[in-house]
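Okay, so here's the structure we're looking at.
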Amino acid sequence: MKYLKILPAWGIILVLSSCVLSYNYQAEILIPAQISISSEIVNVAVFNRHDISERPKVSLSNMQKNKIFGLDSILLKQAVIGLEDGLIESPRFVLLDVKPKRLVTSKAPVSFSELSWNLLERYCSDTTDMLVELVRAGVQDTILDTDTTDLRVNNYYCVITTAFWRLYDMRYKKISLYRIQDTVKIEKVVGDYSTKYFGDMMEENFSYSMYKAGNRFSQGIAPCWAEINRTVYKSALPGFRDAGQLVSNGKWMEAAEIWKPYCYIKSRFVASRACWNMALASEMNDNFELALEWLKESKRLGLNENVDDYKMIITDRINQRTLLDQQMDILN
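Each residue of the sequence shown is one higher than the one before, counting from 1 in the numbering used here.
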């Protein structure tokens, strides 16, 4: 009994080390845009070339609907709304208004030529650095058929949206044209398939697909927030539970102070996972180089699972940071 009372602390750790378990942690990080826009461009406006007419408030046949969808203000506005929502969420640009928001009328022919600078200067405020124009957009629907004998795979109904966007650099009078395509896949329903999706659900699916295409283009020209999943080790070891609570509140530096002593204990099992947590804390504080050092130590102590994959992720984040700093003008 006396021996149990003076059981050394490291003995307790050895007993509890088997209680170290991995959990999933989700966070949001800012990732760079696919297209690097000059950091001098800050104020951006969006122009809808196809803001044409109000949707007729009458029942339409499929043929009539297809014709209306080609020049429908509400449907095509979804692409613009998706783009504007993405630009608002990004810390990169300031979104400005442009008036009027439409160029053509329901009776005028649709032109896809570049807008004149004189016209743009009349529409845009003096502070506008860049205007983004929805040049054209269209939707297609298709069915992906699979082997009906394979019960593990369902058939799908797909809506494919293709949108063309033109960027006008108002400062240096430069123009760029981009094409974006996005697919919305809906599980096939049982029963009268064509009636359901080409009837009541057609507008909803087309609108959602158009919105996604616009939102996706915003991620192409502006840094955006992306959700990441990381592994964090928790335990009943003294302090580990408190560290887990600190992580839940985003207090990574405080949690690291608890994990760090465990990186040097005799139990390599515990120490390797504490080093992993230190690497995670370093990443969450944007110290990617230090994260790689902790991962190296974690592997040396015997943790092999996912360490190399995590190293690749951190290396990629280092490259992203350089590009992101340029896009956000942090280096200047």
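Every residue gets a Cβ at the ideal spot worked out from N, C-alpha and C, and that includes glycine. For clarity, every value in this text was computed on a predicted model and none was experimentally measured.
Secondary structure note for alanine 279: its alpha helix (DSSP H) is the uninterrupted segment 268-284. Non-local beta-carbon contacts of leucine 301 in its own chain, meaning distances under 6 Å to residues more than five positions away in sequence, involve Arg268, Ala271 and Ser272 in chain order. Residue range 307-327 is occupied by the alpha helix (DSSP H) that includes isoleucine 318.
The Cβ-Cβ distance between arginine 166 and alanine 27 does not fall below 8 Å. The distance from the Cβ of phenylalanine 217 to that of isoleucine 180 is about 5 Å, consistent with a contact at the 8 Å cut-off.
Bridge pairing for cysteine 224: Ile31 [DSSP]. For leucine 290, no beta strand (DSSP E) encloses it; the enclosing alpha helix (DSSP H) starts and ends at 288-300.
Rounded to whole angstroms, aspartate 286 and glutamate 305 show a C-alpha spacing of 23 Å. Counting along the chain, the unbroken beta strand (DSSP E) around valine 46 starts and ends at 43-48. When Cβ pairs closer than 8 Å are counted between the two stretches, the region 78-86 is seen to touch the region 127-140, the count reaching three or more. DSSP, reduced to helix, strand and coil, places lysine 260 within a helical segment of the structure shown. Residue environment: threonine 127 is assigned as exposed (fewer than 16 neighbouring CB atoms within 10 Å of its CB, all protein chains considered). Setting aside the 5 residues that flank it on each side, serine 176 is surrounded in the same chain by Leu167, each with a C-beta closer than 6 Å to its C-beta; the list follows chain order. DSSP places leucine 246 in the uninterrupted alpha helix (DSSP H) bounded by 240-248.
Check the Cα spacing between methionine 170 and each of Glu293, Ser282 and Tyr123: the tightest is with Tyr123.
Collapsing the DSSP output to three states places valine 98 in coil. Per DSSP, reduced to three states, the secondary structure at lysine 185 is strand. By the C-beta density criterion, methionine 278 is buried, having at least 16 other C-beta atoms within 10 angstroms. The beta carbon of isoleucine 35 lies closer than 8 Å to those of Tyr178, Gly220 and Ile221 in the same chain, with the five residues before and after it left out. When rounded, the separation of the alpha-carbon atoms in tryptophan 252 and proline 32 is 24 Å.
Under the three-state reduction of DSSP output, valine 20 falls in the coil class, being neither helix nor strand. Glutamate 40 counts as exposed, since fewer than 16 other C-beta atoms from the protein chains shown sit within 10 angstroms of its C-beta.
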